[in-house]
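Accompanying notes for the structure given below.
Protein chains: 2
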Amino acid sequence: MKCRVCRAPAVVDVRRHNAGFCRDHFVRHCEEQVRRAVHDHHMFGPGDRVLVAVSGGKDSLALWDLLLGLGHHAEGLYLGLGIGGYSDESYGHAAAFARRRDATLHTVDLAADHGYTIPGAAAATRRSPCGACGLSKRHLFNSYALDHGFDVVATGHNLDDEAAVLLGNVLRWEEGYLGRQHPVLPASPGFVKKVKPLYRLGEREMAAYCVLQGIDYQVEECPMAAGNRHLGYKELLNDLELRSPGSKAAFLFGFVERAHARFAEDAAGQRDNLGTCRECGAPTPGEVCAFCRLRERARIAG
Amino acid sequence: MKCRVCRAPAVVDVRRHNAGFCRDHFVRHCEEQVRRAVHDHHMFGPGDRVLVAVSGGKDSLALWDLLLGLGHHAEGLYLGLGIGGYSDESYGHAAAFARRRDATLHTVDLAADHGYTIPGAAAATRRSPCGACGLSKRHLFNSYALDHGFDVVATGHNLDDEAAVLLGNVLRWEEGYLGRQHPVLPASPGFVKKVKPLYRLGEREMAAYCVLQGIDYQVEECPMAAGNRHLGYKELLNDLELRSPGSKAAFLFGFVERAHARFAEDAAGQRDNLGTCRECGAPTPGEVCAFCRLRERARIAG
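In order, the protein sequence lines correspond to chains G and R.
Heads up: the first sequence begins at 706 in the working numbering, then just goes up one per residue.
Heads up: the second sequence begins at 706 in the working numbering, then just goes up one per residue.
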């Protein structure tokens, strides 16, 4: 297979585009997809301060690298989840990348700064660790960005992630989640703007990008996520993609283009009717926000 | 396992309800689901003349049987598709059922009445036989009902069928199809009302119903449908249902209850902008309707 652009030998093939790329043109392809996502959805401009949610995995490091390469002001925030050696190793990859690119990496550590860990929170609440983790991330990336004057939080959700989340939301017709599932979630009182510049690029492309750019990343899946429903949806979509390349992109992009707006009004209405958490000041439908309640229970148990 | 109602030994289990049933209470369960579908969606009343689209398979014969059992005026229409021995055998089951229940079975034969067959049409158009078959059925059931004074056409689409079609429509976000996918499609100029009274009952339930009621039916899948995309979606949903019983029903019912209306307006608009086929008078966006064009091409080739 040859590079679609220069006819040199291809090192990566992207089946849904029915195209191969040499190293340089593959990197350009990734840049182009990110540029297009950022442009089409008005994610941010040259003057904006972008906070990248950095896990140390392929997606967040590729995202950070791509944004820096495109000339954006992008700083990273690593959240220490307290998942033993997995977290230590993940942090090592994030810190090494920041040093190499001379970029700023901020850190928040759940144990040191908030008195709990994800495994502890999961045990205390008897709920899935992924639920506690997602809640902690959403809250802390948001509050860090607001407190430190960032214009937008960028996360490394790729095409595969977003398609799997969409499938889960569609299978249960979760109206509220469908209304909030979009490459851009605009700012609203108490919420910083959130964007997903990798939504046009697949998991395999992000792994190839890191390998070709010499970025070391955490290769392992999180040990606490094994067997969760999200991974089941990914498998299911992978089966479909094998039979019919391009299915995942058609599913996700079709939703963004033709269906999301039909659900968005409900979601916007939900955000308008929020009060303020009496512990931390975050928007919440109750008296104390879900993050503060989680932290309280996890601290007591721990 | 015992019958949920009378504690006698169960002969059928319905996993998504986490329930077993004895013979009599399983039949009542099926009747109840049909009664509920008919009632909730105002499908038809006691005075209405219902035309059942009868293929000779389990779903259409179970539907016909259930409607007769519930006291509805239900006549059958069998469409001869010309798929060799498969069609002959299917017709045999439909005719035997009609004789046994002393019910009226009408027939339309594609070859005798319209000069083509499904295999012939597929070859002539070089398109999937399922496409030609669906188009022929939609057109002919509709025109037969209009010409013979029926109030409504009832088809045997079950929960598994509808969920698989929905998955296909959602994976490509086919807005028009999503707007028309509902247990009831109301009448509009040139279109008879169409209903799917079995949408709350699964494939396995319909097979069990026929076995328990002693209804012989065409057990084979249509030989022309093997490997089509619809069957792939069914497999995919079956995998999901195995992991998480009730998924299929949650997917389909959730759509009907919470999402369909968001797509329905587009579909209604499309129906309002139709002209009249110059060959047959059916509603069409062009000069000649898709059915007449198919028939013409298939006749010439045949």
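The C-beta atom is built at its ideal place from N, Cα and C for all residues, glycine as well.
Quick caveat, the model's predicted, so the values are computed rather than measured.
Interface flag, residue i vs chain G, CB-CB below 8 Å
i: residue 731 of chain R; result: no
i: residue 963 of chain R; result: yes
i: residue 937 of chain R; result: yes
i: residue 870 of chain R; result: no
i: residue 720 of chain R; result: no
i: residue 855 of chain R; result: no
i: residue 959 of chain R; result: yes
i: residue 792 of chain R; result: no
i: residue 916 of chain R; result: no
i: residue 875 of chain R; result: yes
Short CB-CB distance (under 8 Å) between residue i and chain R
i: residue 955 of chain G; result: yes
i: residue 946 of chain G; result: no
i: residue 833 of chain G; result: no
i: residue 867 of chain G; result: no
i: residue 864 of chain G; result: no
i: residue 905 of chain G; result: no
i: residue 878 of chain G; result: yes
i: residue 885 of chain G; result: no
i: residue 941 of chain G; result: yes
i: residue 967 of chain G; result: yes
i: residue 952 of chain G; result: yes
Beta-bridge pairing of residue i - partner residues as DSSP gives them
i: residue 896 of chain R; result: R:893
i: residue 695 of chain R; result: Residue 695 of chain R lies beyond the stretch modelled for chain R, which goes from 706 to 1007, so this question has no answer here.
i: residue 726 of chain R; result: R:717
i: residue 857 of chain G; result: G:755 and G:898
i: residue 922 of chain R; result: Beta-bridge pairing links residue 922 of chain R to no other residue.
i: residue 883 of chain R; result: The partner list for residue 883 of chain R (beta bridge, DSSP) is empty, contrary to what the question assumes.
i: residue 935 of chain R; result: Note: residue 935 of chain R sits in no beta bridge, so no partner.
i: residue 784 of chain G; result: G:813
i: residue 779 of chain G; result: G:755
i: residue 980 of chain G; result: G:989
Beta-carbon gap between residue i and residue j smaller than 8 Å
i: residue 960 of chain R; j: residue 903 of chain R; result: no
i: residue 922 of chain R; j: residue 798 of chain R; result: yes
i: residue 717 of chain R; j: residue 913 of chain R; result: yes
i: residue 979 of chain G; j: residue 850 of chain G; result: no
i: residue 767 of chain G; j: residue 859 of chain G; result: no
i: residue 873 of chain G; j: residue 948 of chain R; result: no
i: residue 934 of chain G; j: residue 955 of chain R; result: no
i: residue 728 of chain R; j: residue 773 of chain R; result: no
i: residue 857 of chain G; j: residue 753 of chain G; result: yes
i: residue 893 of chain R; j: residue 976 of chain R; result: yes
i: residue 995 of chain G; j: residue 825 of chain G; result: no
i: residue 927 of chain R; j: residue 791 of chain R; result: yes
i: residue 837 of chain G; j: residue 999 of chain G; result: yes
i: residue 907 of chain R; j: residue 864 of chain R; result: yes
i: residue 719 of chain G; j: residue 918 of chain G; result: no
i: residue 830 of chain R; j: residue 1002 of chain R; result: yes
i: residue 987 of chain R; j: residue 839 of chain R; result: no
i: residue 730 of chain G; j: residue 708 of chain G; result: yes
i: residue 883 of chain G; j: residue 958 of chain G; result: no
i: residue 706 of chain G; j: residue 713 of chain G; result: no
i: residue 920 of chain R; j: residue 793 of chain R; result: no
i: residue 901 of chain R; j: residue 925 of chain R; result: no
Notebook entry, point to check: Looking at C-beta atoms only, is the number of pairs between the stretch 788 to 804 of chain R and the stretch 938 to 947 of chain R that lie closer than 8 Å three or more?
Noted result: no
Check: In chain order, which beta strand (DSSP E) runs of at least 3 residues are fully inside the stretch 790 to 835 of chain G?
Finding: 810 to 814
Next item on the list: Check whether the stretch 812 to 832 of chain G touches the stretch 774 to 788 of chain G, counting contact only when three or more Cβ pairs, one atom from each stretch, lie closer than 8 Å.
Entry: yes
Margin query: Is it the case that the stretch 874 to 890 of chain G contacts the stretch 741 to 757 of chain G, given that we only count it when at least three CB pairs across the two stretches are under 8 Å?
Written below: yes
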